[in-house]
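Colleague:
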DNA sequence: GACTTTTAAATGTCAGACAAATAAAATCTC
DNA sequence: GAGATTTTATTTGTCTGACATTTAAAAGTC
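In structure tokens, the structure reads:
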């Protein structure tokens with residue numbers, strides 16, 4: 001684990017990369033304690049603040065955790081799916097908002113991924129997950145529900161669908177796509193009429209999953225995608241020629 | 001943008017979160033310059049090293065970039081798809097290696113996502129992308145190719161397939177799944193026989209894409225998934241009862 | 001006016017110090 | 001001696017102040 005002394009700038013970045021590489025390559029294993037900050041500054045021949053900046057970079061990526069006190073220090077962190085979720089959601093959200101990804105592109109990606117889960121979910125969904133979906137549908141039908149709450153329930157519904165595939169890697173990959181779209185979805189005003197339509201489709205999906213009918217889930221998701229895009233198109237229209 | 005003075009520990013984490021929230025919520029827009037470190041330490045009533053640790057956390061997530069010199073400082077960064085790729089690959093790789101995700105689970109997720117791209121790719125793939133895939137197939141057929149190089153070419157082939165969908169969000173989401181699996185794939189020894197089989201399937205996929213036959217691409221991907229799992233199973237067998 | 005030099009502002013780095021937390025060791029009490 | 005308490009050492013968290021380096025803009029020079 002060494003750094004290049006010829007490039008003097010960004011020592012903390014270099015040190016972070018060196019430690020990161022050591023973790024990824026398996027030289028440092030989970031829960032192993034890194035040398036203390038003082039020892040690291042000795043090893044790398046830099047000051048402690050510089051080492052600390054490097055460690056904070058790694059902490060930001062959940063690669064390490066730190067503990068104070070005697071026998072404390074920095075430990076290689078076992079990244080949890082939750083950590084990975086939240087990081088991916090942050091990244092995806094910014095990516096969508098900053099890079100001017102069109103609603104259609106994001107929507108297409110989201111439903112493509114969701115359709116990828118559908119057959120597995122039809123096979124494996126538990127009755128618990130089905131109950132969650134039914135509960136969310138019930139919530140969505142409540143009158144007086146705000147648009148934000150409706151969207152949040154929509155996300156919960158689709159997460160249950162994805163979790164039904166019983167593949168944590170898929171759940172993780174999709175969390176980003178689904179949750180990152182929420183700000184975009186929140187721009188849509190859900191009228192009573194459109195909610196009714198969406199709820200009907202959600203019910204169709206739940207029914208199809210109950211019967212383990214993968215083809216019908218898929219077909220309904222296609223319908224839902226088309227309808228979602230149509231709603232977004234309507235919003236775009238309104239912006240173009242406002243009342 | 002404030003921090004809670006009641007929780008004295010981890011000031012830099014709190015400050016990082018405050019700035020992160022400001023960026024995500026749009027209070028700080030792309031390319032906007034943050035206050036200087038001195039000003040930030042004034043605002044948050046902390047020392048400059050603490051502010052710096054916070055900024056390094058954000059830099060690790062590519063949320064900001066810094067420039068030295070007069071009129072330098074920290075600027076809100078427009079996250080590029082490339083940045084997002086590499087972050088996701090890092091996270092996914094660690095997630096797979098640390099959480100003991102089974103090969104089957106990872107493989108299932110990867111092919112499910114890839115199959116989600118297939119129909120779009122069949123519609124939209126350019127002749128360039130097709131040429132890339134052919135070139136990689138040619139490379140895979142070279143005798144004397146190392147297993148690692150074969151794997152790398154395999155990844156390049158599948159990335160071309162995914163990029164054919166012409167949806168950067170999908171490409172981004174999938175990059176993690178495909179690239180993160182490479183270490184797992186590298187454990188497989190590709191015999192001349194198995195390479196032949198894989199190349200044949202790759203050729204089938206390329207042919208089907210050339211004819212824009214989505215159904216055949218999908219069917220071949222299913223075959224490829226089954227074959228990949230079989231190879232992994234053979235490796236597992238060997239480990240169980242070594243010669 | 002074009003080129004060079006100076007200057008000021010900002011990040012990058014360092015050294016040394018103290019505070020706070022924490023676990024282990026030492027001490028005390030019964 | 002066992003258990004409770006205190007002390008101590010280690011480690012991270014934070015602060016202060018300083019200097020180095022980079023860079024753009026201002027000032028100066030021809």
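Chains as they are written, first to last, in the UniProt record's numbering: chain W, 1 to 243; chain V, 1 to 243.
For every residue, glycine included, the Cβ atom is placed at its ideal position computed from N, Cα and C.
#1: Compare the Cα-Cα distances from residue 234 of chain V to each of V:204, V:211, V:26 and V:194 and report the closest residue.
#2: Which residue comes first and which comes last in the beta strand (DSSP E) that contains residue 76 of chain V?
#3: Contact criterion: CB-CB distance below 7 Å. Does residue 184 of chain V meet it with respect to chain W?
#4: When the distance is taken between beta carbons, is residue 54 of chain V closer than 7 Å to residue 66 of chain V?
#5: Could you spell out the range, first to last residue, of the beta strand (DSSP E) harbouring residue 212 of chain V?
#6: Please work out which residues of its chain come closer than 7 Å, Cβ to Cβ, to residue 110 of chain W, disregarding the five sequence neighbours upstream and downstream, and give them in chain order.
#7: Just to confirm before moving on: does the CB-CB distance between residue 130 of chain W and residue 210 of chain W stay below 7 Å?
#8: Is the stretch 93-108 of chain W close to the stretch 19-26 of chain V, with three or more CB pairs under 8 Å?
#9: What does a CB cutoff of less than 8 Å around residue 221 of chain V pick up in its chain, not counting 5 residues either side in sequence?
#10: Run through DSSP, which three-state label would residue 125 of chain W get?
#11: Below 9 Å between beta carbons is the criterion; list the residues of the stretch 94-110 of chain W that meet it against any residue of chain V, in chain order.
#12: Residues in its own chain within less than 6 Å of residue 246 of chain V by CB, not counting five upstream and five downstream?
#13: Would you say residue 223 of chain W faces chain V, with C-beta separation under 7 Å as the test?
#14: Quick one: what does DSSP say residue 68 of chain W is sitting in, helix, strand or coil?
#15: Counting only runs of 4+ residues fully inside the stretch 165-215 of chain V, write out the alpha helix (DSSP H) ranges in chain order.
#16: Nearest to residue 183 of chain W by CA position, among W:100, W:18 and W:29, is which residue?
#17: Nearest-angstrom Cα distance between residue 34 of chain W and residue 60 of chain W?
#18: Look up residue 33 of chain W in the DSSP assignment and give the residues it is bridged to.
#19: Is there a Cβ from chain W that is less than 7 Å from the Cβ of residue 11 of chain V?
#20: Please list the partners that residue 176 of chain V has in chain W, where partner means a Cβ-to-Cβ separation under 7 Å.
#21: Residue 116 of chain V touches chain W at which residues, Cβ-Cβ below 8 Å?
#22: Figure out for me which residue from W:175, W:77, W:213 and W:71 has the closest Cα to the Cα of residue 30 of chain W.
#23: Report the three-state DSSP secondary structure of residue 141 of chain W (helix, strand or coil).
#24: For residue 235 of chain V, which residues in chain W fall below 8 Å Cβ to Cβ?
#25: Leaving aside the five residues before and after residue 41 of chain V along the sequence, list all residues of the same chain whose C-beta is less than 8 Å from its C-beta, in chain order.
#26: Could you list the residues in the stretch 34-55 of chain W with a C-beta less than 7 Å from some C-beta on chain V, going in chain order?
#27: On a Cα-Cα basis, can you pick out the residue from V:146, V:188 and V:125 that is closest to residue 161 of chain V?
#28: Suppose you measure from the CA of residue 199 of chain V to the CA of residue 141 of chain V; what does that come to, to the nearest Å?
#29: Against chain W, does residue 91 of chain V count as a neighbour if the rule is that its beta carbon must be under 7 Å from one of theirs?
#30: Out of V:85, V:36, V:232 and V:185, state which residue places its alpha-carbon closest to the alpha-carbon of residue 151 of chain V.
#31: Ordered along the chain, which non-local residues of its own chain (more than five positions away) have a Cβ less than 7 Å from that of residue 168 of chain W?
#32: Please name the residue in V:63, V:71, V:157 and V:15 whose C-alpha comes closest to that of residue 83 of chain V.
#33: For residue 57 of chain W versus residue 16 of chain W, is the C-beta spacing smaller than 7 Å?
#34: Just to check my reading of the structure: residue 172 of chain V and residue 197 of chain V have Cβ atoms closer than 8 Å, yes? What is that Cβ distance to the nearest angstrom?
#35: At the level of alpha carbons, what is the spacing between residue 231 of chain V and residue 223 of chain V?
#36: Give the residues of chain V in contact with residue 57 of chain W, contact being defined as C-beta atoms less than 8 Å apart.
Modeller: Considering the structure as presented:
#1: Within the second chain, the letter at position 234 stands for residue 234 of chain V. Answer by Cα proximity: V:194.
#2: If you number the second chain from 1, residue 76 of chain V lands on position 76. Its beta strand (DSSP E) spans residues 73-76.
#3: Your numbering for residue 184 of chain V matches position 184 in the second chain. Not closer than 7 Å to any Cβ of chain W, the Cβ of residue 184 of chain V fails to qualify, so no.
#4: Working through the second chain from its first residue, we reach residue 66 of chain V at position 66. Working through the second chain from its first residue, we reach residue 54 of chain V at position 54. No, they are not a contact pair.
#5: Working through the second chain from its first residue, we reach residue 212 of chain V at position 212. First-last for residue 212 of chain V: undefined, no H or E at that position.
#6: Taking the first residue of the first chain as position 1, residue 110 of chain W is located at position 110. The answer, listed in chain order, is 177, 178 and 181.
#7: Taking the first residue of the first chain as 1, we reach residue 130 of chain W at position 130. Taking the first residue of the first chain as 1, we reach residue 210 of chain W at position 210. Result yes, Cβ atoms of residue 130 of chain W and residue 210 of chain W sit closer than 7 Å.
#8: yes
#9: Taking the first residue of the second chain as 1, we reach residue 221 of chain V at position 221. Once the five neighbours on either side are set aside, the close Cβ partners of residue 221 of chain V are 111, 114, 115, 118 and 205.
#10: Locating residue 125 of chain W in the first chain gives position 125, where the first residue counts as 1. Coil at residue 125 of chain W, not helix or strand.
#11: 94, 95, 96, 97, 98, 99, 101, 105, 106, 108, 109 and 110
#12: The first residue shown for chain V is 1 and the last is 243, placing residue 246 of chain V beyond what the model contains.
#13: In the first chain, counting from the first residue as 1, residue 223 of chain W sits at position 223. Residue 223 of chain W does not count as touching chain V.
#14: The residue given as residue 68 of chain W occupies position 68 in the first chain. Looking at residue 68 of chain W - three-state DSSP - the assignment turns out to be coil, as it is neither helix nor strand.
#15: 168-180, 182-185 and 192-210
#16: Locating residue 183 of chain W in the first chain gives position 183, counting from the first residue. When each option's Cα is compared against that of residue 183 of chain W, the closest is W:100.
#17: Along the first chain, read from residue 1 onward, the residue named residue 34 of chain W stands at position 34. Along the first chain, read from residue 1 onward, the residue named residue 60 of chain W stands at position 60. Rounded to the nearest angstrom, the two C-alpha atoms are 16 Å apart.
#18: Within the first chain, the letter at position 33 stands for residue 33 of chain W. W:75.
#19: What you label residue 11 of chain V is simply residue 11 of the second chain in a count that begins at 1. So no, residue 11 of chain V is outside the interface.
#20: Walking along the second chain from the start, residue 176 of chain V turns up at place 176. Residues of chain W passing the Cβ test: 173.
#21: Here residue 116 of chain V is taken as the residue at index 116 of the second chain, counted from 1. Per Cβ cutoff of 8 Å: 112, 113, 115 and 116.
#22: Position 30 of the first chain, counted from the start, is the residue given in the question as residue 30 of chain W. Closest option to residue 30 of chain W, Cα to Cα, is W:77.
#23: Here residue 141 of chain W refers to the residue found at position 141 of the first chain. It is coil, neither helix nor strand.
#24: Within the second chain, residue 235 of chain V is the residue found at index 235, counting from 1. Under the 8 Å cutoff, chain W gives no residues; its nearest Cβ is about 18 Å from residue 235 of chain V.
#25: Residue mapping note: residue 41 of chain V aligns to position 41 of the second chain, counting from 1. Within the same chain, residue 41 of chain V has close Cβ partners 47, 48, 50 and 51.
#26: 49, 52 and 53
#27: Within the second chain, the letter at position 161 stands for residue 161 of chain V. Out of V:146, V:188 and V:125, V:125 has the C-alpha closest to the C-alpha of residue 161 of chain V.
#28: By 1-based counting over the second chain, the position of residue 199 of chain V is 199. By 1-based counting over the second chain, the position of residue 141 of chain V is 141. Their Cα atoms are separated by approximately 7 Å.
#29: The sequence position of residue 91 of chain V within the second chain is 91, counting from 1. Yes, its Cβ sits closer than 7 Å to a Cβ of chain W.
#30: Counting from one through the second chain, the residue named residue 151 of chain V turns up at place 151. When only C-alpha atoms are compared, the closest one is V:185.
#31: Against the first chain, residue 168 of chain W aligns to sequence position 168. Within the same chain, residue 168 of chain W has close Cβ partners 81.
#32: Here residue 83 of chain V refers to the residue found at position 83 when the second chain is read from its first residue. Nearest option by C-alpha distance: V:63.
#33: On the first chain, position 57 is the one that residue 57 of chain W refers to. On the first chain, position 16 is the one that residue 16 of chain W refers to. Yes. Within cutoff.
#34: Within the second chain, residue 172 of chain V is the residue found at index 172, counting from 1. Within the second chain, residue 197 of chain V is the residue found at index 197, counting from 1. Incorrect: roughly 30 Å between the Cβ atoms, too far for contact.
#35: The residue you call residue 231 of chain V lines up with position 231 of the second chain. The residue you call residue 223 of chain V lines up with position 223 of the second chain. Going from the Cα of residue 231 of chain V to the Cα of residue 223 of chain V covers about 12 Å.
#36: Sequence index remark: in the first chain, residue 57 of chain W carries index 57 (1-based). Those are 56, 57, 59 and 60, listed as they occur along chain V.
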